[in-house]
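First comes the structure, then the notes that go with it.
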Amino acid sequence: MTTTPTQQAPADSAALAGHIEELGEKLARVRESIGQVIFGQQEVVDQTLITLLAGGHALLIGVPGLAKTRLVETLGSVFGLEDKRVQCTPDLMPADILGSEVLEEGESGRRSFRFIPGPVFCQLLMADEINRASPRTQSALLQAMQEHRITVAGHGHDLPRPFHVLATQNPLEQEGTYPLPEAQLDRFLLEIDVGYPELEAERRILLETTGPEQADAE
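Going by the numbering used here, the first residue of the sequence shown is number 2, and it counts up by one from there.
Written out as structure tokens, the structure is:
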């Protein structure tokens with residue numbers, strides 16, 4: 002007997018609804034785990050989760066001390082992603098992010114180049130204070146963010162999948178910084194404003210971070 006599209010629709014709809022409900026439960030557990038470590042920043046957490054689930058990158062804008070670095074570490078732990086951090090400075094070179102080729106001499110005396118991967122070879126990369134890096138170094142991330150692939154010395158290298166960049170930027174610092182070009186900003190799915198938490202959340206942060214042990218995501 003041949004089934005018609007109208008007969009298949011209810012079964013497909015029920016399966017889809019069940020799948021959505023299951024994903025919702027998993028996402029709720031993820032939010033709960035992150036909430037054990039990050040306090041008073043639920044909107045920031047939600048927007049960051051949207052970015053990761055959509056396969057994109059995010060630019061977190063906020064002053065230092067608002068748990069941006071902690072958020073990235075926690076996300077890597079909860080999702081089981083390999084995370085790395087790059088502290089951007091004016092003297093940071095593209096090779097410091099992408100990696101470089103070094104000349105090695107083998108036992109036979111033959112010399113050859115070997116590629117040493119940089120911190121970009123991870124699944125979750127935090128570019129801290131990205132606007133402090135020079136435009137040349139900023140542009141080194143462009144190909145990686147768009148194509149999930151980099152080119153060093155004319156050779157292409159694929160990045161791990163999934164690959165996400167969470168960059169931070171201090172909105173108050175102007176001296177010694179380089180504004181992100183439009184091409185770079187276009188690579189970010191969301192621009193997330195990270196503000197100060199409320200008083201009750203700050204009180205909880207004080208109690209949790211001054212004790213003998215700090216909370217970890219489960």
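The beta carbon of each residue, even a glycine, is placed where N, CA and C say it ideally should be.
> Taking Ala202 as the reference, which of Glu74, Gly36, Leu142, Pro163 has the closest Cα?
Replying inline: The residue with the shortest Cα to Cα distance from Ala202 is Gly36.
> Is the beta carbon of Lys85 sitting closer than 9 Å to the one on Val121?
Replying inline: Contact: yes.
> Taking the alpha carbon of Leu125 as the point to measure from, which residue in Phe114, Asp97, Gly81, Glu105 has its own alpha carbon closest?
Replying inline: Check the Cα spacing between Leu125 and each of Phe114, Asp97, Gly81, Glu105: the tightest is with Gly81.
> Taking just the CA atoms, how far does Gly77 sit from Asp92?
Replying inline: Taking the straight line joining both Cα atoms gives about 27 Å.
> Could you give the residue range of the beta strand (DSSP E) that holds Met94?
Replying inline: First-last for Met94: undefined, no H or E at that position.
> According to DSSP, is Leu28 helix, strand or coil?
Replying inline: In the structure shown, the three-state DSSP call for Leu28 is helix.
>> Beta-carbon within less than 7 Å of Glu74's beta-carbon, same chain only, minus the 5 sequence neighbours each way: which residues are those?
In response: Excluding positions up to five away in sequence, the list reads Asp84.
>> DSSP three-state label for Asp47, please.
In response: The three-state secondary structure of Asp47, taken from DSSP, is helix.
>> Just to check my reading of the structure: Arg188 and His58 have Cβ atoms closer than 8 Å, yes? What is that Cβ distance to the nearest angstrom?
In response: 6 Å between Cβ atoms; contact.
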